[in-house]
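When we follow UniProt numbering, the leftmost residue of the sequence shown carries the number 1, and every step to the right adds one. Glycine included, each C-beta is placed from N, C-alpha and C at the ideal position.
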Amino acid sequence: MAFQKAVKGTALIGGGAIATVFGLSQFSQYRNKHGALVPVQAAEDAPVRKDHLPTREQQILALQTSGEFDVLVIGGGATGCGCALDAATRGLKTALLERDDFSSGTSSRSTKLIHGGVRYLQKAIMKLDFEQYRMVKEALEERAHLLQSAPHLSAPLPIMLPIYKWWQLPYYWAGIKLYDLVAGSQCLKSSYVLTKARALELFPMLRKDRLVGAIVYYDGQHNDARMNLAIALTAARYGAATANYAEVRHLLKSSDTGSGRQRVCGVRCRDVLTGKEFDVRAKCVINATGPFTDSVRKMDDEEVPNICQPSAGVHIVMPGYYSPDNMGLLDPATSDGRVIFFLPWEKMTIAGTTDSPTDVTSHPIPTEEDINFILSEVRNYLGTDVEVRRGDVLAAWSGIRPLVTNPDSKDTQSLSRNHVVTVSDSGLITIAGGKWTTYRAMARDAIDAAIQEHNLKAGSCKTMGLQLEGAQDWSPTLYIRLVQDYGLESEVAQHLASTYGDKAFEVAKIAQVTGKRWPIVGKRLVSEFPYIEAEVVYGVKEYARTAVDIISRRTRLAFLNVQAADEALPRIVDIMGKELNWCEQKKKEQLETAKTFLYYEMGYKVKTDQLTDRSEISLVPSDIERYKKRFRMFDKDKKGFITILDVQRVLESISVQMDENTLHEILNEVDLNKNGQVELNEFLQLMSAIQKGRVSGSRLAVLMKRAEENLRRREAIPVDRSGGGL
């Protein structure tokens, strides 16, 4: 057996050596061709960048009155916004239409990594697949660009690969070192090997038994929705007429005078917010709609075969204590062969992703099966002293990845991991596939194809080195000025600086005075997160038009904690209502729509399903009796249920003050049949779910336990100590 392992290890080391030679030769060729990759500034002949950001109303007007555009992009995800930015900076008259909000689809539901793809490099070597190797190489170049173009939204992240078998060490080490070599001068930091002791020191939550050591490599991480928005806002500042909530109803066509063929010449568009329809004419239309690629292609030609094969990827968010602040984890081979990342993000921990076929939908929903799969894989890598609880899943979402087949390839059945640019007979340009990291290269290729196909007068791509919204005057210490100049909390100031970059000062200027000694300005939306009310006002300036836009893409509250987002919604709707002149009915509709979004798309439903009126009570008799006694301390009248008045009475007896609205929220979390009271059976169901780990952070359970402890500590005061009696 040991001999077999040795032979296997030697073979793998040999394979790694061959791979290294292959990588070195390709890297040398690449360096000779392109030279060292270094940060560059955008070309001097790019259009002037506007200081003033047009309003959405001005953008809609521009779409209606500006005549024919050179380029019209359908889709406001990373690729679509990248196309608009690329075209606008080349001096082309550009428009962009998005039927929902910018980054409302896949681009906001990623793993938050900016990476070349370690697993793709492994496949490239094992299968001698040059296309995948080229994709990794390009992605690593784009990774460097993205980190430089928006440093406030992105940063390098060390990722640990734990090793549990000795033979895996040289195998994975060779692969990771090759990853560094392919990156060349754009390698973020060199990978390194850790001993078992050092690995546990850096990642103390790791499973200790059989751990041999670990390898640490570096990739990038970013705030994906804010990055997408930064691209869209930058395009707008360069003159692109960009509009969210502008739906394409159908394509417009005209006959080519030379060939007599029907050519796409624009779109019929509907302003979703007002219902008004109008035509937008353009010399070239680009389809950059991600999972909806085929629906736009069929607007052009109903007979065209589908090229998109959608795949659903579910992620979950857990409390920050599940991972170190600055160290991720990679599980390269899960129980079913998939890859799982376990990463710190926005002071929480993100885990994912799954990969399963799905139907294309605007509202993908995470399933309990996928959530439990991720939790199961997380348990395999964390120590036994860390209890991985279902109740600790604070948010969950599903994103649809648009894998594509290349229609120009002989083998149309095989999926392309790289992006594909196609041109239809009518001149519709389609850009599909690829990955978040390579959005700029995808946009470049799409605009190059548009220029060639439609004879547009424009120069070469100017986006390499172009800084995005908020990056120009940002520095790592910018938040200190926010604290000193405006009196913001340090945590809030750091959040604003890392979200808005140099535009953070504009948010600080409109922040409300708190009336406290400290902080002077900046009222939080919810106490445990650094999001402030001024961000809602500023979000409207950034084209936010619904409450969902604010909780999911202008802030990331919905992606971090669905309950916190739910609690913040009423205040968010009130602020937006003032900014956008909403009537009471409109505010009610917005609140209901946002709650539905949280319930289905962000995992609130699967979270609340952990405690229902059908939940089993799996408690031993001694626990049942103990919890009954705790319940009776509140139910003094032996009614069989407790109300807000019962809780208030007990809290007052231990000198705890809590407002009625908060108490109502606390009881409502446990009131399963929604009759305004918590019955004994409901309380026992809650305690059973807590014991099983399906529910955590129940405010009522903590409150009742605290009250019980305080009341027990109280003893009758003797008469001689009370000052009475003789």
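Item to check | C-beta contact flag for Ala534 and Leu569 at 7 Å | outcome: no
Checklist entry - DSSP puts residue 728 in a beta bridge; with which residues? => result Within the shown structure, residues of the chain are numbered from 1 to 726, placing residue 728 beyond reach of any answer.
Checklist entry - Which runs of the beta strand (DSSP E), 3 residues or longer, sit entirely within the region 119-185? => result 154-163
Item to check | Whole-Å CB distance - Leu488 paired with Ala508, under 8 Å assumed | outcome: 6 Å
Next on the checklist: If contacts are defined as beta-carbon pairs under 8 Å, then Ser356 and Ala312 qualify, I think. What distance do you get, rounded to the angstrom?
Outcome noted: 5 Å
Item to check | Cys269 beta carbon less than 7 Å from that of Ala246 | outcome: yes
Next on the checklist: Mapping the DSSP letters down to three states, classify Ile371 as helix, strand or coil.
Outcome noted: helix
Checklist entry - Should Lys410 be labelled buried (16 or more other beta-carbon atoms within 10 Å of its own) or exposed? => result Residue placement at Lys410 is flagged as unreliable, the pLDDT there being 49, under the threshold of 50; the coordinate-derived value follows with that caveat. Counting Cβ neighbours within 10 Å, Lys410 comes out exposed, since fewer than 16 surround it.
Item to check | Under the three-state DSSP convention, the category Ala570 falls into | outcome: In the sequence on display, residue 570 carries Pro and not Ala. Three-state DSSP puts Pro570 in a helix.
Checklist entry - With distances taken between CB atoms, is the gap from Gly399 to Thr596 smaller than 7 Å? => result no
Item to check | Cβ-Cβ distance between Ile451 and Asn287 below 7 Å | outcome: no
Checklist entry - Considering only the beta carbon of each residue, do His250 and Leu153 sit closer than 7 Å? => result no
Next on the checklist: Quick check on DSSP: helix, strand or coil for Lys50?
Outcome noted: coil
Checklist entry - Quick one: what does DSSP say Phe505 is sitting in, helix, strand or coil? => result helix
Checklist entry - In chain order, which alpha helix (DSSP H) runs of at least 4 residues are fully inside the region 182-270? => result 196-202, 224-237
Checklist entry - According to the neighbour-count rule (16 or more other Cβ atoms, all chains shown, within 10 Å of its Cβ), is Ser28 buried or exposed? => result Any reading at Ser28 must be qualified, since the residue scores a pLDDT of 39, below 50, and its modelled position is unreliable; no value is offered.
Checklist entry - Secondary structure at Arg338, three-state DSSP: helix, strand or coil? => result coil
Next on the checklist: For Gly603 and His315, what's the separation of their Cα atoms in angstroms?
Outcome noted: 10 Å
Next on the checklist: DSSP three-state label for Gly459, please.
Outcome noted: coil
Next on the checklist: By alpha-carbon positions, which one of Cys461, Gly383, Glu579 ends up nearest to Arg207?
Outcome noted: Gly383
Next on the checklist: Alpha carbons only, please: which of Tyr600, Asp637, Asp51, Ala95 is nearest the one belonging to Ala365?
Outcome noted: The residue you asked about is not Ala; residue 365 is Ile in the sequence shown. The option with the nearest alpha carbon to Ile365 is Tyr600.
Next on the checklist: If I measure Cβ to Cβ from Gly320 and keep anything under 8 Å in the same chain, skipping five residues before and after, which residues do I get?
Outcome noted: Pro344, Lys347, Met348, Thr349
Checklist entry - If you follow the beta strand (DSSP E) that Arg401 is part of, which residue opens it and which one closes it? => result 395-405
Next on the checklist: Let me confirm a value: Asp209 is counted as buried when at least 16 other C-beta atoms fall within 10 Å, else exposed. Which label applies?
Outcome noted: exposed
Checklist entry - According to DSSP, what are the bridge partners of Glu679? => result Phe641
Next on the checklist: From the DSSP secondary-structure annotation, give me the bridge partner or partners of Met327.
Outcome noted: According to DSSP, Met327 bridges with nothing at all.
Next on the checklist: Only counting the same chain, and skipping five residues up and downstream in sequence, which positions put a Cβ closer than 7 Å to that of Met442?
Outcome noted: Thr79, Gly82, His419, Ile431, Gly434
Checklist entry - What are the boundary residues of the alpha helix (DSSP H) that Thr293 is part of? => result 293-300
Next on the checklist: Any contact between the region 153-171 and the region 186-206? By contact I mean 3 or more CB pairs, one from each, below 8 Å.
Outcome noted: yes
Checklist entry - Since Leu482 contacts Ala504 with CB under 8 Å, what's their CB separation in whole angstroms? => result 6 Å
Item to check | Under 7 Å between C-beta atoms of Thr89 and Lys462 | outcome: yes
Checklist entry - What residues in its chain sit with their C-beta under 8 Å from that of Ser323, if we drop five residues either side in the sequence? => result Phe203, Met205, Leu329, Phe342, Leu343, Pro344, Thr349
Next on the checklist: Considering just the uninterrupted stretch of the alpha helix (DSSP H) at Gln452, what are its terminal residues?
Outcome noted: 439-454
Checklist entry - Are there 16 or more other CB atoms within 10 angstroms of the CB of Asp445, so buried, or fewer, so exposed? => result buried
Item to check | Residues of its chain near Glu138, where Cβ-Cβ distance is below 7 Å and the 5 sequence neighbours each way are ignored | outcome: Thr438, Ala441
Item to check | Rounded C-alpha distance that separates Val678 from Gln691 | outcome: 19 Å
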